[in-house]
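Data first, discussion second: the structure below is written as structure tokens.
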Amino acid sequence: MSKIYNVGIIGAGVSGVVIALELAKYGIENILLEKEESVVNSSPFCHLHAGGNLYPDISTEECKILMKQSIEMARLFPQSIDQRPTFISIPKSETYNIKDLQDRLAVLADYYKTLIKEDPKNEILGSPENYYNIYTKKELNILAELPTVEVPKTANQWMTNAIKLVDYTQLKTPIILVQEYGWNLFRLGAQAQLALQKSANCNLKLNTNVSKVEDVRHLNLDYNWKIHTKNDIHKVNYLVNSCGFKTGEIDETLNLKVKRLIEFKAAYVSKWQPINGLIPELIFHGKRGTPNGMVQLTPYCNDYYQIHGMTKDTTLFENGLIQSKSNQSQPEFNNTIKKKMETGWKDKDIAHRTQNAINLVTKFLPTFKSATLGSAPLFGAQQIPGENPILRVGEVSFPYKFYARSEIIKASSALTVANQILNKIQEDFIIPAIKTTNSKNVILDSISKYEINALASKLAIQRGYPEALAKLVIDRD
Ligand SMILES: Cc1cc2nc3c(=O)[nH]c(=O)nc-3n(C[C@H](O)[C@H](O)[C@H](O)COP(=O)(O)OP(=O)(O)OC[C@H]3O[C@@H](n4cnc5c(N)ncnc54)[C@H](O)[C@@H]3O)c2cc1C
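With the numbering used here, the residue at position 399 of the sequence shown is 1075, and numbering never jumps.
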């Protein structure tokens, strides 16, 4: 008789891998099925939203949740965190108010202190006094005259390097520097894949597409679900659907009708001239979907810079945000977007949209005009449960007994969802109650930086990106 697993997880994006690793940590046998050849290979991410400062429109409560969840994930995957700050500005053309951001930041700095009081290991964003710094025009004028620092160590040095390049006459003052860091998906994927392959409690099956799930709960067998793949049927007690924007496809095989949104987005990779010193990530806020949508410039190693521009002809797409129809669970993109996702992009589209992205940055950073195409874009679709397109903290739902559906919107929510599922499978008596919980994951901790470096580089190259995208700008021990 084939093996029965406690838990079957479909989809090894950031959510699926964290669920599998947390279950494995407590000795819970699971099988993780992923259709691609490596894990964390779908929707990209680059920013650790440790405070939600890229979102002026969300509530302070949501910002706190993003901060807490980001800290938890950074503790699990420290080798994926790039410790460079983020420059937050509002162009004079925009209606956002700097004072509102400042007020929210003051609350967040206090909240960060509380998190550190609860556990000193939460201090991963530097000291709470330096969580954010505010720069007036007068201070910026002084910093602009100071020499560039090759590898900045202090907030003032980071701001000095940035302000020499940015045309700050176009920006409202003050300008903010906040300790929201970079987040490297190749490094997170590498650490997770190595740990999963090492774990005795997780059976990771790559290149394995799930075609359907069969509900056998009513048959009183020793298992509740049959997961069908091309060559096998896997028997599991508890089912987890972490298929990202394809979550609805599994729901449909289970006859569930669910309202959800999915959104296709892309970030562009450019190469710029070598500059004298490292710069923070640069944010120029603006209203999403308008020609002045937010611009985000994310520095990588070896003069690569990734760009998001929240305009319809850069990161966003015509009909890129769609909703499931009343008789469906899985929304369907139009053929143009489907083609981009399934067979890749035409060279002329890559060149055109990357140039649009470069032009957006050039508005605020005149010397960026010389930037050129760096590589193919990073792209993917994001799922949003329900009908609110500005929701930024997703969640888990339990539509049937013994079935969990993970729908995270930001990668930082992955551990929260894993813990909710862990609680639920105890409540449902799939496993006996866990006596002592532990925030450390020893399997993940056993993977060395050198192993991560090697696999992360391999993953970047395998997926058609420069190896530099797998490295941190600020190397860690
Ligand atoms: C352009 C862009 C930029 C983003 N930037 C950030 C950011 O900076 N910070 C941040 O926190 N978040 C960011 N996000 C959001 C982030 O990417 C997602 O929240 C996160 O990746 C979702 O993870 P997931 O595991 O739920 O889904 P996914 O990453 O989509 O993983 C789902 C997995 O399931 C697999 N799968 C699907 N169907 C099947 C099947 N039938 N059988 C087997 N396997 C299957 C897929 O191959 C995939 O590997 C961004 C999203 C986009 C699109």
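No residue lacks a Cβ here, since even glycine has one placed at the ideal position from N, Cα and C. Note that the structure is predicted; figures quoted are calculated from it, not measured.
| Asked | Found |
| --- | --- |
| Touching by the beta-carbon criterion (3+ pairs, under 8 Å), the stretch 1082 to 1092 and the stretch 971 to 984 | no |
| Residue span of the beta strand (DSSP E) that contains ASN809, given as start and end | 808 to 811 |
| Per DSSP, the bridge partner or partners of GLU890 | LYS902 |
| Heavy atom of ligand 1 within 7 Å of HIS725 beta-carbon | yes |
| Per-residue burial, ARG1152 [other beta carbons within 10 Å of its own, 16 or more giving buried] | exposed |
| SER1082 and ASN860 closer than 8 Å at C-beta | no |
| Alpha carbon of HIS904 to alpha carbon of LYS1045, nearest angstrom | 51 Å |
| Heavy atom of ligand 1 within 7 Å of ASN1095 beta-carbon | no |
| Those residues which DSSP pairs with THR1048 across a bridge | LYS947 |
| Any non-hydrogen atom of ligand 1 closer than 7 Å to PHE753 Cβ | no |
| Local conformation of TRP834 per DSSP, three classes | helix |
| Terminal residues of the beta strand (DSSP E) in which CYS878 lies | 878 to 881 |
| Nearest to LEU819 (by Cα), restricted to the options THR830, TYR1126 and THR836 | THR836 |
| Nonlocal neighbours in the same chain, by C-beta distance under 6 Å from ILE1128, ignoring five residues either side | GLN755, ARG863, ALA866 and GLN867 |
| Exposed unless 16 or more other CB atoms sit within 10 angstroms - verdict on SER875 | buried |
| Coarse secondary structure for GLN1004, derived from DSSP in three states | coil |
| Cutoff 6 Å; reference GLU713; Cβ partners in own chain excluding five residues on either side | LEU882 and ASN883 |
| Any non-hydrogen atom of ligand 1 closer than 7 Å to GLU710 Cβ | yes |
| Residues near ALA1047 by beta carbon distance below 6 Å, same chain, minus five either side | SER946, TRP948 and ILE1034 |
| Any non-hydrogen atom of ligand 1 closer than 7 Å to PRO623 Cβ | Residue 623 falls outside the range modelled here, since the chain spans only 677 to 1153, and no answer is possible. |
| Residue interval of the alpha helix (DSSP H) (run including PHE862) | 861 to 874 |
| Pair within 8 Å by beta-carbon distance, ILE852 and LEU816 | no |
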